[in-house]
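Taken in order, these protein sequences are the chains called A and B.
Just so you know, we're using the working numbering here: the first sequence kicks off at 1 and counts up by one.
Just so you know, we're using the working numbering here: the second sequence kicks off at 1001 and counts up by one.
The beta-carbon is built from N, C-alpha and C at its ideal position, and this holds for glycine as well.
These numbers come from a predicted model, not from an experiment.
Reading through the structure tokens given below for one structure.
Number of protein chains: 2
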Amino acid sequence: MTKVKIHSKEIPVKTIGRLSQYRRALLICSQKGKTHIFSHEIAAIQHVTAVQVRRDLMLIGFNGSLKQGYDISKLIAVISEILDYEPGVNVAIFGLGNFGRALFNYFHGKRSLLRIVATFDSNTEKIGTEYNKVYCYSPYRVEEIIKKKDIKIAILTVPPDKAEEVAKKVVDAGIKGILNYTSTPIDVPDDVFLDEYDMITTMEKAAFFVKMNELNL
Amino acid sequence: MTKVKIHSKEIPVKTIGRLSQYRRALLICSQKGKTHIFSHEIAAIQHVTAVQVRRDLMLIGFNGSLKQGYDISKLIAVISEILDYEPGVNVAIFGLGNFGRALFNYFHGKRSLLRIVATFDSNTEKIGTEYNKVYCYSPYRVEEIIKKKDIKIAILTVPPDKAEEVAKKVVDAGIKGILNYTSTPIDVPDDVFLDEYDMITTMEKAAFFVKMNELNL
DNA sequence: ACAGTATTGTTATTAATTTAACAATAATGA
DNA sequence: TCATTATTGTTAAATTAATAACAATACTGT
């Protein structure tokens, strides 16, 4: 899926990602008391080009004024209208190791409409405990809890050899979005959103560039 | 930077990333005793298309045989020739919170040529201690240690308001690759590799898709 | 009043990436 | 022997994304 329809207009998924970034920049500016902002200012904060900002905002039909630029609070509202989903989306973390806990903390309270409402781990010492007030369940209860708590997004930080199995299980239970942080690529049906971020690949790319850098100079 | 020269051929950076993925798939197959593999098999493991695999391998000049496909160990060797950098690249983690430690563990021992040789944290309780045998230094010693230990890649997991400052500092000290896991976008000179992964944006994208999914059905 | 300036909104162009198409090839088996 | 099959390697087309170009506009200062 590369494009999405909003107000009967096709919008690239990449634009959606940038809108989220723009909003973050806008929220910070808003907190500082700023009321208006120019495309090149947004661009500078999120290191994209000003043209791209204008293009993205054009796509969602948001207009700025020539002398003041864009009205920050209105733009936040419009972006939120697009991105947010009242009354929010419930999220669960699968695998409560270092990574899982780190993501939990990284996230905790940052977005009121995205709530981590459950965690799962196969370690019997963790099952039944609470981490930051969120209960840790046994893997046996995946289906039951996903349905009962209406969980729609799964964050996968399980060991690589468990990734596929867990992915299958959560999709069957009704999960509609997976963030896969294991090193195992997984397959999901077309109607499930999948993001896979693989740090090892990223590191290898970085190392490759270091090599290029040194060999070509 | 979108393309790279290898053997006087232009190779897209995206291909570099996929080569890293292919190698991982190949290593697993190799361990299972498999000696040859078809493009569609690699494709299935890493969920890309077979055409793309063949195209990527064409770009690096690797040939398979018509009936057996690609020789796994030779392909691993060729990819390693491209990606790896003897005698390895030294890496440091900046910010030894949950996230930093998680990345450390995730990584530890996975790639012998990519070594985490130092960590930095401003917490005085952590400074001077060792985490998994790797020393934690004070931020004051960034420049000194980067140079002394020949560190080339920085993983940033510091608080968002410190990201830019730390980035500037490490670039000045000679870092050539940054993996930025803070929520603050940073700017680096053209010759420094930068990867920014922002989990909040990703989550918001996932939530957006959940919303689309439910509204359109 | 009017030239100069800075910015938006939009179209056009270029670049990058992916997907499709297909000839070439080698093995298989009737 | 010769059609069938499965696969590679490569070129061509299509798609997607980013960049550039520029008219339109509204404000500023002279």
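**Item:** Cβ-based contacts, 8 Å cut-off: residues of the stretch 196-209 of chain A near chain B
**Value:** Tyr-197, Asp-198, Met-199, Ile-200, Thr-201, Thr-202, Met-203, Glu-204, Lys-205, Ala-206, Ala-207, Phe-208, Phe-209
**Asked** When you check each C-beta in the stretch 110-137 of chain A against every C-beta of chain B, which residues fall closer than 9 Å?
**Response** Lys-110, Arg-111, Leu-113, Leu-114
**Prompt:** Given 8 Å as the limit, is there contact between the stretch 1112-1130 of chain B and the stretch 1141-1151 of chain B, that is, 3 or more CB pairs closer than that?
**Reply:** yes
**Request:** Ignoring anything shorter than 4 residues or poking outside the stretch 44-120 of chain A, list the alpha helix (DSSP H) runs there in chain order.
**Result:** 50-59, 72-83, 98-107
**Asked** Going straight from the alpha carbon of Phe-62(A) to that of Ile-82(A), what length do you get?
**Response** 12 Å
**Asked** Listed in chain order, which residues of the stretch 93-106 of chain A have Cβ atoms closer than 7 Å to some Cβ of chain B?
**Response** Asn-98, Phe-99, Arg-101, Ala-102, Leu-103, Asn-105, Tyr-106
**Item:** Spatial distance of Cys-136(A) from Pro-160(A) (CA atoms)
**Value:** 20 Å
**Item:** Reduced DSSP secondary structure (H/G/I, E/B, other) of Tyr-14(A)
**Value:** A small fix is needed here, since residue 14(A) is Lys in this sequence, not Tyr. Correct three-state label for Lys-14(A): helix.
**Prompt:** With a cut-off of 8 Å, does the C-beta of Met-58(A) fall near any C-beta of chain B?
**Reply:** no
**Request:** Report all residues from its chain with a CB closer than 8 Å to the CB of Ile-11(A); omit the five preceding and five following residues, and keep chain order.
**Result:** Lys-3, Val-4, Lys-5, Leu-59, Ile-60
**Request:** Taking 8 Å as the threshold, find out whether the stretch 1173-1182 of chain B comes into contact with the stretch 62-78 of chain A through three or more Cβ pairs.
**Result:** no
**Message:** Suppose you measure from the CA of Thr-946(B) to the CA of Met-199(A); what does that come to, to the nearest Å?
**Reply:** This structure does not reach residue 946(B), given that chain B is present from 1001 up to 1217, and the question cannot be answered.
**Request:** Please compile the residues from chain A whose C-beta is within a distance smaller than 7 Å of the C-beta of Asn-1213(B).
**Result:** Lys-176, Asp-191
**Asked** Can you find at least 3 beta carbon pairs, one from the stretch 1137-1144 of chain B and one from the stretch 137-144 of chain A, that sit closer than 8 Å?
**Response** no
**Message:** By DSSP's criteria, Phe-193(A) is part of a beta bridge. Which residues make up the other side?
**Reply:** Gly-177(A)
**Message:** Does chain B have any CB closer than 8 Å to the CB of Leu-75(A)?
**Reply:** no
**Message:** Rounded to whole angstroms, what is the Cα-Cα separation between Glu-144(A) and Asn-90(A)?
**Reply:** 15 Å
**Prompt:** Would you say Phe-1085(B) faces chain A, with C-beta separation under 8 Å as the test?
**Reply:** In the sequence on display, residue 1085(B) carries Tyr and not Phe. At least one chain A Cβ lies under 8 Å of Tyr-1085(B).
**Under 7 Å by beta carbon: chain B residues contacting Lys-152(A)** = Val-1210
**Request:** Could you list which residues in chain B have their beta carbon closer than 9 Å to that of Gln-46(A), in chain order?
**Result:** Pro-1185
**Prompt:** Are the Cβ atoms of Val-210(A) and Ala-173(A) separated by less than 8 Å?
**Reply:** no
**Request:** List the residues of chain A that Gln-1021(B) touches, going by C-beta distances under 8 Å, in chain order.
**Result:** Pro-185, Asp-198, Thr-201
**Message:** Can you give me the C-alpha to C-alpha distance between Phe-104(A) and Ile-146(A), rounded to a whole angstrom?
**Reply:** 18 Å
**Prompt:** Which partner residues does Ile-1151(B) have in the DSSP bridge list?
**Reply:** Asn-1090(B)
**Prompt:** With burial defined as no fewer than 16 other Cβ atoms inside 10 Å of the residue's Cβ, what is the status of Thr-1157(B): buried or exposed?
**Reply:** buried
**Asked** Terminal residues of the continuous beta strand (DSSP E) containing Ile-1006(B)?
**Response** 1003-1006
**Message:** Only counting the same chain, and skipping five residues up and downstream in sequence, which positions put a Cβ closer than 7 Å to that of Thr-202(A)?
**Reply:** none
**Prompt:** Would you call Ile-1016(B) buried or exposed, if buried means 16 or more other Cβ atoms sit within 10 Å of its Cβ?
**Reply:** buried
**Message:** Taking the beta strand (DSSP E) that Val-1134(B) belongs to, which residues open and close that run?
**Reply:** 1134-1137
**Prompt:** Should Gln-31(A) be labelled buried (16 or more other beta-carbon atoms within 10 Å of its own) or exposed?
**Reply:** exposed
**Item:** Proximal chain B residues relative to Val-89(A), where beta-carbon distance stays under 9 Å
**Value:** Met-1203, Ala-1206, Ala-1207, Val-1210, Lys-1211
**Item:** Nearest-angstrom Cβ-Cβ length linking Val-53(A) and Ser-73(A), presumed shorter than 8 Å
**Value:** With 8 Å as the limit, Val-53(A) and Ser-73(A) do not qualify as a contact, their Cβ atoms being about 17 Å apart.
**Request:** Quick one: give me the first and last residue of the alpha helix (DSSP H) that Phe-208(A) is part of.
**Result:** 199-215
**Message:** I want to verify the contact list: residues of chain B whose CB lies under 7 Å from the CB of Gly-64(A), in sequence order.
**Reply:** Within 7 Å Cβ-Cβ: nothing; Gly-64(A) doesn't reach chain B, min ~22 Å.
**Request:** Might you give, ordered along the chain, the residues of its own chain that have their beta carbon closer than 7 Å to the beta carbon of Glu-164(A), omitting 5 neighbours on each side?
**Result:** Thr-184, Ile-186
**Message:** Please report the distance separating the alpha-carbon of Asp-1190(B) from that of Met-1001(B).
**Reply:** 8 Å
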